[in-house]
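Asker: Residue numbers (the numbering used here): 314 to 744.
Before we start, here is the structure in question, set down as structure tokens.
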Amino acid sequence: MPTPPRTRSRPGTGRPDVTTTASSGRTRLAVRAGAAAGWLSRVTGRGAGATISGRVINRIAPDALTELGRGLRITLVSATNGKTTTTRLLTAAVRTGTEPVASNHTGANLTSGLAPVLAAARRPGLAVLEVDERVLPRVVDPLAAELLVLGNLSRDQLDRYGEVHAVAAAWRRVAEAHPDLHVVANASDPHVVHAAEPARTTWVRLGLRWRADAATCPVCAALLDWGARFACPACGFAEPDTPHHLDGDTLVLDGVRVPLRLGLPGRWNLDNAALAVAAAVTHHGVDPAVAAAAVAGVDTVAGRYMTVPLADGRRARVLLAKNPAGWSEVLEWARAEARPTVIAVNARVADGTDPSWLWDVPYELRRGLPTVASGDRCLDVAVRLRYAEVTHTVEPDPRRAALALPGDEPVLVCSYTQFAALYHRYGDPDA
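What follows is the structure, given as structure tokens:
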């Protein structure tokens with residue numbers, strides 16, 4: 314059964330946090346001003362308006378998140394890869410219940426993206442919010458989150474975020490400060506396990522295919538042993554035992570087998586779905602079969618996996634990849650499907666301006682398959698493909714690049730800003 318909204322208390326007092334009339338009025342003013350800013354952004358063609366709306370709200374009312382989170386049972390979802398999809402799948406699962414559910418479905422995961430969603434939420438109700446890895450520790454307390462869903466941690470935009478260990482340490486401090494906080498977490502990622510250990514954690518074993526960022530123990534820095542599960546031979550840190558695990562395309566929850574039939578491609582989305590269903594079942598009380606049916610109905614996520622038109626009448630399938638772990642997963646899928654593929658890479662601020670990660674991606678998987686290097690950094694991609702002994706062509710424009718490929722539906726794998734440009738132009742025609 315759903316639990317009632319948590320009562321927020323001022324730190325150190327134990328008393329409910331009663332908002333003053335002036336503060337409430339300030340937040341209401343901030344929300345109205347934010348709505349106006351968002352409207353102006355949309356009518357002038359500058360964007361969807363969510364980010365500028367949130368910036369205005371937070372600037373006028375710095376405590377807006379605390380006030381706007383009242384009356385909501387809040388779940389926060391974070392990971393390096395897959396957080397937007399996991400959020401979408403979990404939202405679909407909990408919407409099978411009777412309570413209204415708010416979510417930042419477009420992937421706006423900074424505090425500026427959270428505020429407009431919370432302002433528009435119906436109360437009492439639920440909110441399932443995707444949160445950037447670095448932002449997560451800053452919003453758990455203001456939002457009085459009752460559940461965290463933690464997926465994976467790997468290198469991402471090194472010029473912005475630095476070491477994986479720093480993010481994991483920040484997450485762990487949250488867990489240490491809130492030992493009764495419910496967390497649903499990936500038991501197969503050493504960084505996530507170390508971060509979530511102090512909390513009340515439901516572990517889900519998913520397996521970890523990208524291990525380049527998990528070679529050493531997050532506790533003592535010794536080399537980890539990788540067998541069926543990870544373990545540290547020096548200090549004993551190891552993958553936790555759990556009755557919840559992914560077995561092929563079936564999620565096993567405490568002995569109950571839940572087949573996952575997804576409308577989304579790729580092995581990585583089974584991981585996302587497993588975490589979403591586990592969270593829906595163990596925290597929100599959703600029936601496993603109902604949750605699985607709900608996630609099966611999701612076939613597009615904020616433009617990810619959408620198709621865009623080509624000049625010859627065909628369509629290209631668009632996938633987003635932002636870092637070595639994500640690119641590795643997508644390239645494995647494209648090879649298994651023998652898909653002609655465009656590799657479109659930019660190196661703008663939102664992508665991360667350091668493209669050296671190209672050398673950590675196994676582009677050798679493209680050998681023998683039609684491949685085009687594209688995007689602002691098409692020449693960097695071309696050099697990397699040459700060293701990987703991948704026969705390829707070069708075309709800076711991604712859609713023209715896809716047009717040159719054979720097949721009914723070529724794949725266009727994009728870094729973030731390249732993906733965002735396509736999404737802005739075409740929306741999500743498959744939604």
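Every residue gets a Cβ at the ideal spot worked out from N, C-alpha and C, and that includes glycine.
The structure displayed is predicted, hence computed values, not measured ones.
1. Leaving out five residues before and five after Arg355 in sequence, what residues of the same chain have Cβ atoms less than 7 Å from its Cβ?
2. Would you identify the three-state DSSP class for Asp502, choosing helix, strand or coil?
3. So, Pro683 versus Ser641, is the Cβ gap smaller than 8 Å?
4. So the candidates are Ala605, Leu623, Asn465 and Val631; which of them puts its Cα closest to the Cα of Val614?
5. Using the Cα positions of Gly576 and Val565, report the straight-line distance between them to the nearest angstrom.
6. Jot down the residue ranges of each uninterrupted alpha helix (DSSP H) in the region 576 to 626, minimum 4 residues, whole runs only, in chain order.
7. Using the DSSP secondary-structure output, state which residues sit across from Gly438 in a beta bridge.
8. One question on the structure: do Thr409 and Val611 come within less than 8 Å of each other, judged by their Cβ atoms?
9. Find out if the Cβ-Cβ distance for the pair His596, His495 is shorter than 8 Å.
10. Which residues does DSSP pair with Pro572 in a beta bridge?
11. On a CA-only basis, which of Leu381, Pro437, Glu443 and Met619 is nearest Ser416? Give me that one, please.
12. According to DSSP, simplified to helix, strand and coil, what is Leu353?
13. Per DSSP, Trp516 is paired with what?
14. Terminal residues of the continuous beta strand (DSSP E) containing Leu633?
15. What's the call for Ala432, buried or exposed, on a 16-neighbour Cβ count within 10 Å?
16. Could you tell me if Ala488 is buried or exposed, where buried requires 16 or more neighbouring beta carbons within 10 angstroms of its beta carbon?
17. Are the beta-carbon atoms belonging to Pro492 and Arg524 less than 8 Å from one another?
18. Unbroken beta strand (DSSP E) runs of length 3 or more, entirely within the region 368 to 422: which are they?
19. Let me make sure I understand the geometry here. Which of Val497, Val344, Ser669 and Ala528 has the alpha-carbon closest to that of Ala587?
Answerer: According to the structure data:
1. Ala361 and Gly362
2. coil
3. no
4. Val631
5. Between Gly576 and Val565, the C-alpha separation is close to 20 Å.
6. Runs of the alpha helix (DSSP H) spanning 4 or more residues and lying entirely within the region 576 to 626 occur at 580 to 595 and 601 to 609, in chain order.
7. Leu385
8. no
9. yes
10. Thr563
11. The option with the nearest alpha carbon to Ser416 is Glu443.
12. helix
13. As computed with DSSP, Trp516 is found in a beta bridge with Ala498.
14. Arg628 to Leu633
15. Ala432 is buried by the Cβ-count criterion.
16. buried
17. no
18. 385 to 391 and 414 to 416
19. Val497
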